[in-house]
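Below is one structure, written out as structure tokens; comments come after it.
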Amino acid sequence: MHRSGRFGTSGLLTYGLSLIFGVVLVFGPSAYAAEAPQGRAPDSDHAMGSQIRENETTPGRRAPHLSNRPSVHGMDVSGHQNRVDWNYWWNQGMRFAYVKATEGTGYTSPDFNHQYTGSYRVGMIRGAYHFALPDRSSGAAQARYFVRNGGGWSADGRTLPGALDIEYNPYGPKCYGKTPGRMTAWIRDFSDTYHRLTGRYPTIYTSTRWWNDCVDGDFSSTNPLWIARYNDFIGELPHDWGYHTFWQYTSKPLDKNLFNGTYEQLERLALGR
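The numbering of the sequence shown is the numbering used here, which starts it at 1 and goes up by one.
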């Protein structure tokens, strides 16, 4: 039998396979472990109501029932809208806006500054909002992160109190693995910390179904309610709130809202009166 060098044909094949296997061992998955996702997904850009739309109703297409009650039209935006034509929306009757600033303690919207200042320059009363991830860090930590990255408040008559967007978990169990009591404590930690830092209690944005399943505390005496219900009527409110301050009623073509009151009352809310 003809042999090639000291290994022969079969020996070379075996040797080559061993080299390949050795490369896999040295440069395979363990060598790149630092590049693989570790633990939970990073904080990201979840728009206000995005998880409510996935878990509850299809966004309504009809105009809401307003009866004869006064109301003011507004909108909310995030990085998903990127550059917003604020003049267009002003001409469509929008008079206030909420802009996403942060999520958890690991995401700051790269579009926040131009969206926040753009809405102000066109004449809108505007505020910032924070998408909560209660299983990532404490309420106090997220409130501080929010305030440091655009979520503060000033008594200029054009700045609304920051809003806490608390809704279905985009990464796992809808209540973030918390009991209603623990979720209540987390929200209170966020709310009280925000109040200490700014002098205002944050508006709480949520849906009735999520809140009644995941929270058992009463915030009605301190925090304005921003209810999400995509329909032409507002329906039941979360327990303990007797009325709403804002209503997000559709996401077509973007999130649209109504303030429950007159423009003068909206100005008073901005001023903290």
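Heads up, the beta-carbon is just placed ideally off N, CA and C, and yes, glycines get one too.
Quick check on Q81: does DSSP put it in helix, strand or coil?
coil
Counting only the same chain and skipping the five closest in sequence on each side, list residues whose C-beta sits under 6 Å from that of S137.
T105
Look at the alpha carbon of G261 and the alpha carbon of T193, and state the distance between them as a whole number of angstroms.
28 Å
Backbone CA spacing between N82 and V147 [nearest angstrom]:
22 Å
Please determine, among A155, W211 and A128, the residue with the shortest C-alpha to C-alpha distance to Y294.
Here the chain has residues from 1 to 273 only, and residue 294 is not among them.
Just to confirm, are S207 and I234 a CB contact at a threshold of 9 Å?
no
Note down the Cα distance separating H239 from A141, rounded to an integer number of angstroms.
27 Å
Does D213 come out as helix, strand or coil in the three-state DSSP assignment?
helix
Taking the C-alpha atoms as reference points, what is the distance between G162 and N223?
11 Å
Cβ neighbours of L271 in the same chain (closer than 8 Å, five flanking residues each side left out)
A155 and G157
So, with DSSP's three-state summary, where would you put H73?
strand
Based on Cα-Cα distance, which residue from Q265, R188, S191 and K252 lies nearest to M75?
K252
Under the DSSP definition of a beta bridge, which residues are partnered with D165?
F131 and Y205
Length-filtered (4 minimum) alpha helix (DSSP H) runs lying within the segment 98-122
112-121
Using DSSP with H/G/I as helix, E/B as strand and the rest coil, what is I234?
coil
So what's F96 in DSSP terms, helix, strand or just coil?
strand
Can you tell me which of the three DSSP states L266 falls into?
helix
Nearest to G139 by CA position, among M183, A101, Y249 and R209, is which residue?
M183
Which word fits G172, buried or exposed, when buried means at least 16 other C-beta atoms lie within 10 angstroms of its C-beta?
exposed
Cβ neighbour criterion (16 or more within 10 Å) applied to R209:
buried
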